Every structure is written in structure tokens, then in C-alpha cells.
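> Numbering (the working numbering), first residue to last: 1 to 282.
Don't be surprised by glycine CBs; every beta carbon is placed ideally from N, CA and C.
Predicted, not measured: the structure shown is a model, and the values here were computed from it.
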Amino acid sequence: MARQATMTVWDVQLGLAVHVKAPNGKYIVIDLGTGTYESGNMSPLSKRSRDNIAYMIITHPHLDHIDDILNFNLNEPKILQRAKSLSNNEVMKDVRYCDRAKFEKYCEINDRYNSPVTPQDENYTRNPNNYGGLEIQTFSTDACDHSNFNNFSIITVLCLSGIKVVICGDNETESLDKLMNRIDFKEAVKNADVLVAPHHGRESAYHSDFVSLVNPRMTIISDTNKSDASASDKYTRMSRGWKVNGTTRYCLTTRNDGNITVEFGETDDPNYSGVLSISTSK
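(1) In chain order, what residues of the same chain have a beta carbon less than 8 Å from the beta carbon of E172, not counting five sequence neighbours either side?
(2) Please report the distance separating the alpha-carbon of Q4 from that of D111.
(3) Can you tell me where the beta strand (DSSP E) with C159 in it begins and where it stops?
(4) Evaluate D184 with the Cβ neighbour count: other Cβ atoms within 10 Å of its Cβ, from every protein chain shown; 16 or more gives buried, anything less gives exposed.
(5) Quick check on the burial criterion: 16 or more other C-beta atoms within 10 angstroms. Buried or exposed for K21?
(6) Using 7 Å as the threshold, is the C-beta distance between L213 and K190 below it?
(7) To the nearest angstrom, how far is it from the Cα of D223 to the Cα of R202?
(8) Considering only the alpha carbon of each residue, which of I260, E266, S277, L179 lies closest to D11?
(9) Among residues of its own chain, excluding the 5 on either side of E76, which ones have a beta-carbon nearer than 8 Å to its beta-carbon?
(10) Would Y131 and L80 qualify as a contact pair, given that the criterion is a beta-carbon distance under 7 Å?
(11) For C251, count neighbouring Cβ atoms within 10 angstroms of its own Cβ and tell me buried if that reaches 16, exposed if not.
(12) I'd like the list of long-range same chain contacts for A83, defined as Cβ closer than 6 Å, with 5 residues on each side in sequence excluded.
(13) For P23, is the classification buried or exposed, using 16 other Cβ atoms within 10 angstroms of its Cβ as the cut-off for buried?
(14) With H, G and I counted as helix, E and B as strand and the rest as coil, what does DSSP make of R182?
(15) Kindly indicate the opening and closing residues of the alpha helix (DSSP H) around L70.
(16) Starting from F103 and walking both ways along the alpha helix (DSSP H), at which residues does that stretch end?
(17) Quick one: Cα of R255 to Cα of I167, how far?
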């Protein structure tokens, strides 16, 4: 049977919540955004309450990326990756009283997940066999100004049967400049099929050299494509295009297209080396 992974990019307003089901059924959760433009209170994490969350990444501790964190205990991940170079004191600085419980939960989790993950661990992410053949790489830099947590965001690269997906946090130009100086990063992200754009697809985070290198078929953003702050037109021009619900698209936005599902991996058809299917809920 062909091994395939399924990625859902949830409509969580301007936040981020990405769930990836590996071919062997394990889940990778990237960020904890909540809500939709219709309901305003949807919790993606609660939908995984009975699933095997093997690996969770919190790209950086901003509210729109941890808003669902009070549901963390419903199903705790086996492995947690986050920006360890940011201290709890930094995270708690200037937090609004109404948001304090969420950031305190982040700090509690940050302290609790302190055991090293060994290659013998069944969820060790550098062994694709632990995730049904899905290759997982992550990249970040801790050499940026601590006044901007966005630039500590973790970028995730997934690959299965030659189909590649790049998922960014809120990386802005400072961190992308530094990462683009790394040969391993450039090799990992180049010629991908799907890009979840940095910082929700906003103009302030658009990095032409990075996007040109990624060379995606499809770019996914959460910002509105009608805003002056959005770089959706640029992402559209830089994407190669793919069929979505029967129509060739170049840039999707959760704000207009709803939840976005990406299925990728092996195919039983001998004429193709891999399969990529993209659909939207709207």
C-alpha cells in the first residue's frame, strides 16, 4: 500500500495551527492557533484528543501561536520542540492579564519537557522509519534580536516520496537572512511543492530569495489577500500552480478558503513517483 501523509492547515484567523498525520498514524502538531472567522472559538487541538501526538512544535511564543495551549493536557505530545533560547522571563514580560494563564502554561511546559530525545526513542524525528517514511527536518536561529520573538520561529520541512512541504512560523527577514546563509537549510527547502508562508504571508516577512529557492507549486497564507500588508500577489507570481477543487490555484488563504488539506506521498501508479492532492473546505 502506498504511504501517504495528510496535512491540515486550519482556519484559525491570523494564527497558525497545522496538523500532519504521518503514514503510520502518528501526528505532528505545529502551533496552537484557535478560532475561525465564522465561529471564533474552534479548538484544533481538541480534535486530536484520541490520537497519537508524537511530536509538537511551537514555532515561537506569541499568542496567536499558543492560543489553544490550555487544552495541551488533553493529549500531551511525546516530544515538544520550541525556541529554547527564549527564557520564561522574556516570555512573560508585558503579557496582558487576560492572557497570563496561557503564557504561564507555556512556561510550565517549557520547564517540564527537559529530557533529551535519544536516537533509540520510537518518536525520534531524525529517523523517518518512526514516522512511516516521512522525513522531518527543522531549522531556526537563536542569533537574532530578542526583542522580536518572530525571528526565533522554527521552520519545518517534511518530505515523503519526493514531495516536499515547507512550514514557516512568523520568520521575518532577519532570521531568513541568517538561515539562507546555511547550506543545509537551502538544500532542505529548495524546490518544494507546498510552502506555508512566513508570518502569515505578510509583506513584512516576504523574502524574495527564500521564496525563489523554495519555488513552491502552492503557497498557503492566513492573512487576507486584500490587505495592503499582504504579499499574496507576490506569492501568486512566485508559485508554479496546482489544481485545487478542479481549478488551478497559486496561493490559498485560510481566511477565504477555510481549512486546507494537503495529501502527499507515494502512489500505486507506476507512471508517477509521488502524489500531491490539495483541497479546501470552502
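With the given structure in hand:
(1) N148, N150, N151, P198, H199, S204, A205
(2) 35 Å
(3) 155-160
(4) exposed
(5) buried
(6) yes
(7) 7 Å
(8) I260
(9) I53
(10) no
(11) buried
(12) H60, F152
(13) buried
(14) coil
(15) Where L70 is concerned, there is no enclosing alpha helix (DSSP H), given that its DSSP letter is neither H nor E.
(16) 100-112
(17) 17 Å
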